[in-house]
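**Student:**
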Amino acid sequence: MKSVKISLELAQRVKEFVNITQDYPYEILLKSGRYVVDAKSILGIFSLDLSQPIIVEAYSDDCDDLMEQLKKFQA
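Just so we're aligned: 64 in the working numbering is position 64 of the sequence shown, and the numbers increase by one with no gaps anywhere.
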């Protein structure tokens, strides 16, 4: 598992983030406070407080390519 802190304050960034995560077969979660949602679910993401940084957790040993794509979202 690897994790990174990101910021998704704009709806366009959420859409772009979901498009990236949907390309990966492994589980990817977003954590904000005590809430955890599927990172591939746009509705789940919009249920979070997007004004605060969010933690992405990717459950794969081989997710370096995903982490590289998420650099533009880092908080």
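Just so it is clear, CB atoms sit at the ideal spot from N, CA and C, and this is done for glycine as well.
A quick note: this is a predicted structure, and the numbers were derived from the prediction, not measured.
Between isoleucine 28 and alanine 58, which are expected to be in contact by the criterion C-beta below 8 Å, what is the C-beta distance as a whole number of angstroms?
**Tutor:** The residue given as residue 28 occupies position 28 in the sequence shown. The residue given as residue 58 occupies position 58 in the sequence shown. Right, their Cβ atoms sit about 5 Å apart.
**Student:** Tell me which residues share the same chain as glutamine 69 and place their Cβ nearer than 7 Å to its Cβ, disregarding the 5 neighbours each side in the sequence.
**Tutor:** In the sequence shown, counting from the first residue as 1, residue 69 sits at position 69. Hits under 7 Å: Ile20.
**Student:** Between which two residues does the alpha helix (DSSP H) harbouring glutamate 9 extend?
**Tutor:** Taking the sequence shown and counting its residues from 1, one reaches residue 9 at position 9. Neither: glutamate 9 is in no alpha helix (DSSP H) and is coded neither H nor E.
**Student:** The ligand SAH and valine 56: does any heavy atom of the ligand fall closer than 8 Å to the residue's C-beta?
**Tutor:** Absent from the structure shown: the ligand SAH. Ligands present: none.
**Student:** Whose C-beta lies closer than 6 Å to the C-beta of lysine 31 among residues of the same chain, with five residues either side of it excluded?
**Tutor:** Taking the sequence shown and counting its residues from 1, one reaches residue 31 at position 31. Only Ile55 meet the Cβ criterion.
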